[in-house]
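Reviewing the structure listed below.
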Amino acid sequence: MSPLRDLVESVLERQGIDLEELKTTKAGSRSVVRITVDGDGVSGHGLNLDEVAQVSRAISEALDDSDIMGNTAYVLEVGTRGVDAPLTKPHHWRRNISRLVKITDIAGSTTISRIIEASDLDVTLDGGQQLAYAHIKKAIIQVEMTSDHEKKE
């Protein structure tokens, strides 16, 4: 592991947040540090914008207090996985319970259903269908658009 990854993970661990990805790239004379995070958040279904901002501030402070970046100017970008990121780990499934998901299994069949439960080994979909993660090739949350009128009914 790198000292940068160790520092970021220690900050995130104190806040109960998972590090999904850390990339550092050069942009002229600066470095861009892109960090993708995930966590349950106050809703239990992922981080909200305020929580991401709080995490960003904590990482920024830790970087400023360390000499990990040396004299290199850097830009810090902290964000979440995004709604179109594939579900690849059990906690991704758990954080999306009750949401609609499009699943392509290893045989190439496609199913669109709602996530009812998620364990460490499999997911239960609407109607009681269980799928082992090992049999899922790709899974993407489906964005559902509803009007305010539909929500009230």
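Residue numbers for the sequence shown follow the numbering used here, beginning at 1125 and rising by one. From the three backbone atoms N, C-alpha and C, an ideal C-beta is built for every residue, glycine too.
Quick test of the definition: if touching needs 3 or more C-beta pairs under 8 Å, does the region 1174-1182 touch the region 1158-1166?
yes
Whose C-alpha, out of Ala1231, Ser1237, Glu1241 and Val1135, is nearest the C-alpha of Leu1224?
Numbered from 1 along the sequence shown, position 100 holds the residue referred to as residue 1224. The shortest Cα separation from Leu1224 among Ala1231, Ser1237, Glu1241 and Val1135 belongs to Ser1237.
For the 8 Å Cβ check, are there 3 or more pairs between the region 1184-1195 and the region 1207-1227?
The region 1184-1195 is not in contact with the region 1207-1227.
What number of angstroms, rounded off, separates the C-alpha of Gln1266 from the C-alpha of Asn1195?
Mapped onto the sequence shown, residue 1266 falls at position 142. Mapped onto the sequence shown, residue 1195 falls at position 71. Cα-Cα distance, rounded: 44 Å.
How many Å lie between Thr1228 and Gly1152 at the Cα?
On the sequence shown, position 104 is the one that residue 1228 refers to. On the sequence shown, position 28 is the one that residue 1152 refers to. Using only the alpha carbons, I get a separation of about 41 Å.
Could you tell me the alpha carbon to alpha carbon distance between Leu1249 and Asn1220, rounded to whole angstroms?
Residue mapping note: residue 1249 aligns to position 125 of the sequence shown, counting from 1. Residue mapping note: residue 1220 aligns to position 96 of the sequence shown, counting from 1. Going by the C-alpha atoms only, they are around 12 Å apart.
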